[in-house]
Each structure stands twice: as structure tokens, then as C-alpha cells.
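J.: Sharing a structure here in C-alpha cells format.
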DNA sequence: ATTTTTTGTAATCATTGACATTACATCTAA
DNA sequence: TTAGATGTAATGTCAATGATTACAAAAAAT
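Chains as they are written, first to last, in my numbering: chain A, 1 to 147; chain B, 1001 to 1147.
Structure follows, in C-alpha cells:
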């Protein structure tokens, strides 16, 4: 299975915050329109991002802002915040390998460190991209829209 | 969502092939016992590995063998063979971002290359591990079982 | 040639997670 | 006090995973 669209959705939300901050109030309805995703889904996602201290959400009055400078928020922070995979483990293991078979009872010893290496490679790349990078590219593409 | 257990299952299957080759006939029932997974699931998986020319399966008489030298089969080959993710894309995108919103209509421009970089980092690590590495570690752990 | 073992595959089923949707309580600025 | 938002519970739909039963087809062994 693919990694949940919650991740790309969360990035989309930050792109909106960066772009429309000041100009519009970035509410869950606003975000629902831009992403074409149900507002309740957006609100749940905002809840996860808030729990991870990545955004502030104004109750009552409404609106969302980044909780930190953009160069201090990485894609990995967002990936972890929106809980894309269970237990933080990218690979799903078959549940009860046989303890009677020598391979079955050692498969975790044999395999776990290799799976971690693969996952680390991915997370290292996730950590190398910040929302400041996103902001720059967003500006670039929006500016080039009407040349 | 996590990556399907088909991947770890396929690795387990190869560990069995490497370990029991010659000693036992590695049938779908044998593998089903070692992995504790239904034999029909195993057979489907063997079908995918066969389609990718990674194994040979003997009809009638039964049994499975590797189709190439072990150092020529990488984890990436297996990952691709068992079709863990749709379209070969690790990240699932929300389907129809708004074309009325400047962010919505540019989100793919902004994001796609970054997602590819992350996926490439992971696949590069997958490609760096071969079944020969697996065989060595399997031997090591089995040899150490009764010190 | 027949039997036996095994693979290949279709058909069902249960379970799970993703995402959509309705409804409503709660919060807060104006 | 009210209007506009958020927070969240409850339901529903859909797709993917994996289990399971059943059986046809292959091929070695007798």
C-alpha cells in the first residue's frame, strides 16, 4: 500500500498557509476547497499537526498559522505528525512465523536491521527538506504562472 | 499504511530456499508452515516472483529454486516483483486538488520532484542489499543458534 | 496408465484502514 | 448574544489484505 495522502495533504496545507497568510484567513473550509477534501478530514489533520506543535489553530475565530519558523519544520516532522505508518515501522511483517523452523524463528534477527537501514535512508531524505524549501518553490511556480 | 507483508514474506521465502535447498523440497506447504501464512497466498506470491524471473517453480513434482545467482537478486528486484505499491509511487496524492486555487493547481509542480527524491533514496538502499547478503546473515544466525 | 503430489487459480469471506458525510457541542471575537 | 469556526462522535462506502475452500492441470513415481 501507498503512504496515506494525509502526508501530501499536510504539505498542501502548509503551502496554503505560506501563500495566503495575511491575505485570507486559512480555515478548514478554505483548505477543504483548495485540496478538494472534506473539511472534517482537514480538521482531524490540523489536530494532528497541532498536537505535534507544528501549527496553531485559532478556535472560535478560526484560522491556522505555522507554529515555528519554516526552516525549522522538516518533511519528516510532518510525516511523523500525521502518523502515516503504524508503530513507526515502514514494513509490515507477517505475524507469527513458525518457531519450529530455524528460518522462521530467526527471520527477525536476519531481516530487521536491513529494514531499518532502508527506512532510515528514506527518513533521512525526508528530514533534509524543510518548509522553507517548499515556500521558495511555491513562490517560484506561482510567480511563473502569468509570465 | 505500511508496505504489504508480501515483501517480508518474499524475503522469508528466499531465506528458506537458501537454507533448505537440497535438504528439503521447498513447496508452498513447506513455506506456508515456516511463515505461518496460507499456502494459497504463498502460491500467488511465488507466481509473482516467477513472473519477475527471480525463481523457478516446478509444477507437478513441486519445489522452488532461485533463478539466478544470489548476488544478482536485490531487495529492490523483490520489492518490485511483489508489487507493494500502486503505479510504483510510494506516496498517495489526494485526487483532485482545486484548479481554482493557485496552490491547488500547482501542488504537483511544487511537490512531485521532492517526493521522487525521497522514494529514490529508499529504492537506492533497497537495491544495495542482495540475497547473497541475506544468505550470509542467515547462515550466521543459524550457526549461532546452538553455540 | 494410474496414482500421488503439487501447482495454478477462481470464488468467497472477514477484517481493516481511508476517506466522506451529517450532526452537533463548544469556543471566541465582534 | 450571535455568527463563524473548530472539535469530535457516529455512520457509511470503498478498496486492499489475507484466509479459506475447491478443483483443474501438471508431472514424477509406481
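We put the beta carbon where it would ideally sit given N, CA and C, even for glycine.
Given residue 1029 (chain B), which residues of its chain have a CB within under 7 Å of its CB, disregarding the five upstream and five downstream residues?
T.: Same-chain partners within the cutoff: 1039.
J.: At least one CB of chain B closer than 9 Å to the CB of residue 72 (chain A): is that the case?
T.: Answer no: the Cβ-Cβ gap between residue 72 (chain A) and chain B never drops below 9 Å.
J.: Tell me the DSSP secondary structure of residue 1040 (chain B) in three-state form.
T.: In the structure shown, residue 1040 (chain B) sits in a helix (DSSP, three-state: H, G or I).
J.: Determine the direct distance from the alpha carbon of residue 72 (chain A) to that of residue 1146 (chain B), and round the result to whole angstroms.
T.: Those two C-alpha atoms are separated by around 50 Å.
J.: With 16 other CB atoms within 10 Å as the buried threshold, where does residue 1068 (chain B) fall?
T.: With fewer than 16 Cβ atoms within 10 Å of its Cβ, residue 1068 (chain B) is classed as exposed.
J.: Just list the alpha helix (DSSP H) runs in the region 50-105 of chain A, keeping only unbroken ones of 4 residues or longer that don't cross its boundaries, in chain order.
T.: Runs found: 75-81.
J.: What are the residues in the region 1015-1043 of chain B lying within 7 Å of chain A by C-beta distance?
T.: Listed by position along the chain: 1015, 1016, 1019, 1033, 1034, 1035, 1036, 1037.
J.: From which residue to which residue does the alpha helix (DSSP H) around residue 1018 (chain B) run?
T.: Per DSSP, residue 1018 (chain B) belongs to the alpha helix (DSSP H) from 1006-1020.
J.: Given a threshold of 16 other Cβ atoms within 10 Å of its Cβ, counted over all protein chains shown, does residue 1086 (chain B) qualify as buried or as exposed?
T.: Label assigned to residue 1086 (chain B): exposed.
J.: Suppose the cutoff is 6 Å on Cβ atoms and the five residues either side in sequence are ignored; what does the same chain contact list for residue 42 (chain A) look like?
T.: Closer than 6 Å at Cβ, skipping near neighbours: 28, 31, 32.
J.: In chain order, what residues of the region 1081-1109 of chain B put their CB closer than 9 Å to some CB of chain A?
T.: Within the region 1081-1109 of chain B, the residues whose Cβ lies closer than 9 Å to some Cβ of chain A are 1084, 1085, 1086, 1087, 1089, 1090, 1091, 1092, 1093, 1094, 1095, 1096, 1097, 1098, 1100, 1101, 1102, 1103, 1104, 1105, 1106, 1107, 1109, listed in chain order.
J.: Who are the Cβ neighbours of residue 135 (chain A) in its own chain at under 6 Å, not counting the five residues just before and after it?
T.: These residues qualify, in order along the chain: 18, 70.
J.: My understanding is that residue 1148 (chain B) touches residue 1049 (chain B), with C-beta atoms under 8 Å, so please give their C-beta distance in whole angstroms.
T.: Chain B is shown from 1001 up to 1147; residue 1148 (chain B) falls before or after that span and cannot be answered.
J.: Look at the alpha carbon of residue 1123 (chain B) and the alpha carbon of residue 116 (chain A), and state the distance between them as a whole number of angstroms.
T.: One C-alpha to the other measures close to 13 Å.
J.: I believe residue 1012 (chain B) touches residue 97 (chain A) by the beta-carbon criterion, under 8 Å. Please report the beta-carbon distance rounded to the nearest angstrom.
T.: About 7 Å; that satisfies the 8 Å criterion.
J.: Run the CB neighbour count on residue 106 (chain A), radius 10 Å, all protein chains shown included, and call it buried at 16 or more, exposed below.
T.: The residue in question, residue 106 (chain A), is buried, as its Cβ has 16 or more Cβ neighbours within 10 Å.
J.: State the beta-bridge partners of residue 3 (chain A) as determined by DSSP.
T.: In DSSP, residue 3 (chain A) forms a bridge with B:1091.
J.: For residue 1114 (chain B), would you say it is in contact with chain A, using Cβ-to-Cβ distances shorter than 9 Å as the test?
T.: Yes - at least one Cβ of chain A is within 9 Å of the one on residue 1114 (chain B).
J.: Please work out which residues of its chain come closer than 8 Å, Cβ to Cβ, to residue 1007 (chain B), disregarding the five sequence neighbours upstream and downstream, and give them in chain order.
T.: Within the same chain, residue 1007 (chain B) has close Cβ partners 1078, 1079, 1082, 1084.
J.: Please tell me whether residue 1118 (chain B) and residue 137 (chain A) are closer than 9 Å, where the distance is taken between their beta carbons.
T.: No.
J.: Determine the closest residue to residue 1113 (chain B) out of B:1066, B:1091, B:1074, with distance taken between C-alpha atoms.
T.: Ranking B:1066, B:1091, B:1074 by Cα distance to residue 1113 (chain B) puts B:1091 first.
J.: Below 6 Å CB to CB, which residues in the same chain sit around residue 57 (chain A) once its five sequence neighbours on both sides are set aside?
T.: Excluding positions up to five away in sequence, the list reads 46, 50, 64.
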